[in-house]
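Note that the protein sequences, when read in sequence, are chains A and B.
For the record, in the first sequence the residue sitting at position 221 is 221 according to the UniProt record's numbering, with numbers rising by one throughout.
For the record, in the second sequence the residue sitting at position 167 is 167 according to the UniProt record's numbering, with numbers rising by one throughout.
There are 2 protein chains.
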Amino acid sequence: MVTLEDVAKQAGVSLATASRVLNGSTRQVGAALRARVEQAADELGYRANIAAQTLARGAGNVIGIVVHDLTDPYFAALADGAMRAAATQGLLVMVGTTHRDPEQEIAYVATLSAQRVRAVLLVGSRVADPQVTGRLRDELARYRAGGGRAACVGQDLLGVDTVAPANRAGAAELARALAGLGHTRFAVLAGPPHLVTAADRCAGFAGALEELGLPAPQIVPGPFDRDGGHEAARRVDPDVTCVFAVNDVMAVGALAAYREAGVRVPEDVSVAGFDDIVTLRDHVPALTTVRLPLKDMGARALELALAEDVAPVVEQVAGEVVLRESVRRLG
Amino acid sequence: MVTLEDVAKQAGVSLATASRVLNGSTRQVGAALRARVEQAADELGYRANIAAQTLARGAGNVIGIVVHDLTDPYFAALADGAMRAAATQGLLVMVGTTHRDPEQEIAYVATLSAQRVRAVLLVGSRVADPQVTGRLRDELARYRAGGGRAACVGQDLLGVDTVAPANRAGAAELARALAGLGHTRFAVLAGPPHLVTAADRCAGFAGALEELGLPAPQIVPGPFDRDGGHEAARRVDPDVTCVFAVNDVMAVGALAAYREAGVRVPEDVSVAGFDDIVTLRDHVPALTTVRLPLKDMGARALELALAEDVAPVVEQVAGEVVLRESVRRLG
DNA sequence: GGCACAATGGAAACCGCTTTCCAAGGGGGA
DNA sequence: TCCCCCTTGGAAAGCGGTTTCCATTGTGCC
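1. Just how far apart, CA to CA, sit Ala41 of chain A and Ala8 of chain B?
2. Mind pulling the chain A residues with CB within less than 7 Å of Ala76 of chain B?
3. Compile a chain-ordered list of the residues in the stretch 34 to 48 of chain A whose CB is closer than 7 Å to at least one CB of chain B.
4. Given a cut-off of 8 Å, decide if Val21 of chain B and Glu38 of chain B are closer than it, judged by their beta-carbon atoms.
5. Label Thr111 of chain B either buried or exposed according to how many other C-beta atoms from any shown protein chain fall within 10 Å of its C-beta, with 16 as the threshold for buried.
6. Considering just the uninterrupted stretch of the alpha helix (DSSP H) at Leu112 of chain A, what are its terminal residues?
7. Looking only at its chain, what residues have a beta carbon closer than 6 Å to the beta carbon of Arg100 of chain A, apart from the 5 residues adjacent to it on each side?
8. Could you check whether the Cβ of Gln115 of chain B sits closer than 8 Å to any Cβ belonging to chain A?
9. Could you give the DSSP three-state label for Val161 of chain A: helix, strand or coil?
10. For chain B, is any of its Cβ atoms less than 8 Å away from the one on Val93 of chain A?
11. For Val13 of chain A, count neighbouring C-beta atoms within 10 Å of its own C-beta (all shown protein chains included) and say buried if the count is 16 or more, exposed if not.
12. Figure out for me which residue from A:Ala203, A:Arg226, A:Gly228, A:Gly229 has the closest Cα to the Cα of Pro217 of chain A.
13. Taking only beta-carbon atoms, is Gly124 of chain B less than 8 Å away from chain A?
14. Assuming Ser270 of chain A is part of the alpha helix (DSSP H), what are its boundary residues?
15. Would a check of beta-carbon distances place Leu189 of chain A closer than 8 Å to chain B?
16. On the three-state DSSP scale, how would you describe Val67 of chain B?
17. Which chain A residues are close to Ala299 of chain B, counting only those with a beta carbon under 8 Å from its beta carbon?
18. When you check each C-beta in the stretch 189 to 203 of chain A against every C-beta of chain B, which residues fall closer than 9 Å?
19. Which parts of the stretch 120 to 159 of chain A are runs of the alpha helix (DSSP H), unbroken and 4 residues or longer, counting only runs that do not cross its ends?
20. If we define contact as Cβ-Cβ less than 8 Å, is Thr288 of chain B a contact residue for chain A?
21. Could you tell me how far apart the beta carbons of Leu178 of chain A and Val327 of chain A are, in whole angstroms, since I believe they sit closer than 8 Å?
22. Cβ atoms of Pro312 of chain B and Gly159 of chain B: under 8 Å apart, would you say?
23. Against Met83 of chain A, what residues of chain B qualify as contacts under a CB-to-CB distance less than 9 Å, listed in chain order?
24. Against chain B, which members of the stretch 267 to 296 of chain A pass a CB distance test of less than 8 Å?
25. Using CA coordinates, which residue listed in B:Leu78, B:Arg34, B:Asp80, B:Val93 is at the minimum distance from Asn61 of chain B?
26. Count the CB pairs spanning the stretch 201 to 215 of chain B and the stretch 252 to 259 of chain B that are closer than 8 Å, and state whether there are at least three.
27. What does Leu55 of chain B touch in chain A if you count any residue whose Cβ is under 8 Å from its own?
28. Applying the 10 Å Cβ sphere with the 16-neighbour rule, what's the burial state of Val238 of chain B?
29. Could you give the residue range of the beta strand (DSSP E) that holds Gln89 of chain A?
30. Which parts of the stretch 224 to 266 of chain A are runs of the beta strand (DSSP E), unbroken and 3 residues or longer, counting only runs that do not cross its ends?
31. DSSP puts Glu303 of chain A in a beta bridge; with which residues?
32. DSSP on Leu195 of chain B, reduced to helix/strand/coil?
33. Is the beta carbon of Val163 of chain A less than 8 Å from the beta carbon of Met297 of chain A?
34. In whole angstroms, what is the alpha-carbon distance linking Gly96 of chain B and Glu231 of chain B?
35. Touch check for the stretch 42 to 62 of chain B and the stretch 76 to 85 of chain B: three-plus C-beta pairs under 8 Å?
36. On the DSSP letters alone, give me the boundaries of the alpha helix (DSSP H) that Val314 of chain B sits inside.
Put into structure tokens, the structure is as follows:
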């Protein structure tokens, strides 16, 4: 590959001058030389070696994003938001998918840290295991000690800037809205108990029901994805009139399960989700959910990560209950 | 950040030895020193600086993948397939989204090339503009001249390894299948005319109809995304009995448009798509489509890119027509 | 016991670029 | 006209690793 030295030689200038012309610098270079360098670079098809630049400058122009599952619209939206924000700053994005394995998440932080990325974004729920979280914290701390920046979308458990959706509050508000429709027998497709997001939403929902003096909902655990919702829906008690899936993809799975079983939604059972992923608009019946501004959250997380803050800032993001056809008024 | 030199000092060995212990080498290091180095690295929390490694080794462990839109399930599936394949090889992935701007695609190739990524994957349709394609080819050629590898999912227009879905053949077969159901008046939600994938599918479909002696379909151009399908569906002539959207997300948009307009699918109009994106299973009515093994294609493209081939290899991928409820037999 | 050779450790060159530090040239003010 | 300061170009020292090339030591064999 053609190097800066080749360009400098061809232009008959020093390495320093070539560097100043081509790769940005505070220093001025005379018009004549500048033109010669640019022409030489063009003729030779020079492309700066970013690895070398990164090494010399001590900081690169790439950021890392770690998500659980890129094919899940929730993560896709978050990642897209972050990537758009990154693009406006001239940053490249390295994406890692953990496929929901917390160990993978730690490994990615280590790898991204080794890459000396400018910032890493951890997108997605934490797990309840303090041991795992501890190791992740350690890895992050080491990375940040070396000047790295980090932010997280999810729970404020890592000691870094965090965009934290109000999972409990959102779920509670949803519960009140559904109860307001006359429902009393609920089930929660609760996801995995150790997933903090899932647990929070479940707890928020159940807590609100309790405050209203309603019976405790049936808790149906399962995976946090579409198939998890599909499968969990089939374990719901027959007397339940309203099912809350702790995220939209699970709710979509549940809708499918009901459709297959010939159970009508919302006539026979009401269904609600959480997140308001964009693809919901194409599902029938339209799904009641709690809207989260996913793209903005992703973008915001990147901003936070890049900002020069002293102490980690935690930003709460409220969810907004959106009632749609998948729930009906009872009685 | 702690450097290899710190580790070497702490362990009381040379830089060379430390490097050999920690970052892999053909050379053996005695057990005693090896242990000392490992302990030192562990105590200090050493993480190799990949930028430096990349520079010294002349090749990094990152691949680049450029997609049009990561929130589109089609690209998400392809990217996920490629990322899984990359992970098994210990490669990291840098993702760029062009948001369907061909210039962005060229820019990303330049940037990734500057990053000295091991390989770049261009995922998604080419555009018909020979000028743009030419510039992209140039950029790719330069990258490959420097030892970079490249592959493409889409049309074989770039002179690189290509995984090429059989768009024309798939669409043609779909047309025959639909005609076999008794339809004669077709419309094609054709996407943008300059998008080769869209144009090929459209041409394949229309060509098959012509061979069957059926009237030419109504061609309705528009954007290649869900909203494009939604909008295009409303411009379809009333006498059309069967609508082919050149990709699934457009078909999903069309289904939504019909639902909103009170047009029943398939009773009033049949609808078919292309790709068989995984999310289809949750739409009603279930969409007839042409199945493409998206994840495999992504993985395969990565393999091709990494393989040591002399001449670019082009691999055709056949599509399989999948008839589902969204189409009905006529008469 | 002596020698060739394999195994192992270290010094130093190098990867490609940035940036400090100098040197030299040029312009403006006194 | 002289001096000082501001510009501009270049030499060279890193950035943090890898790897070649030696030097040294230990081993097997005659």
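For each residue, glycine too, the CB sits at the ideal point set by N, CA and C.
Inspection of the coordinates gives the following:
1. 39 Å
2. Leu70, Thr71, Ala76
3. Gly45, Arg47, Ala48
4. yes
5. buried
6. 102 to 114
7. His68
8. yes
9. With the sequence shown as reference, residue 161 of chain A is identified as Asp, and Val is not the correct amino acid for it. Strand.
10. yes
11. buried
12. A:Ala203
13. no
14. Counting along the chain, Ser270 of chain A falls outside any alpha helix (DSSP H), though it belongs to the beta strand (DSSP E) covering 270 to 272.
15. no
16. strand
17. Within chain A, no residue comes near Ala299 of chain B; the closest Cβ sits about 14 Å away, beyond 8 Å.
18. none
19. 130 to 145
20. no
21. 6 Å
22. yes
23. Leu70, Val95, Gly96, Thr97
24. Val278, Thr279, Arg281, Asp282, His283, Val284
25. B:Val93
26. no
27. Asn49, Ala51, Ala52, Leu55
28. According to the sequence provided, residue 238 of chain B is Pro. The question's Val does not apply to it. So Pro238 of chain B counts as exposed.
29. Here Gln89 of chain A belongs to no beta strand (DSSP E), and DSSP marks it neither H nor E.
30. 242 to 245
31. The partner list for Glu303 of chain A (beta bridge, DSSP) is empty, contrary to what the question assumes.
32. strand
33. yes
34. 28 Å
35. no
36. No alpha helix (DSSP H) holds Val314 of chain B; the beta strand (DSSP E) holding it covers 314 to 317.
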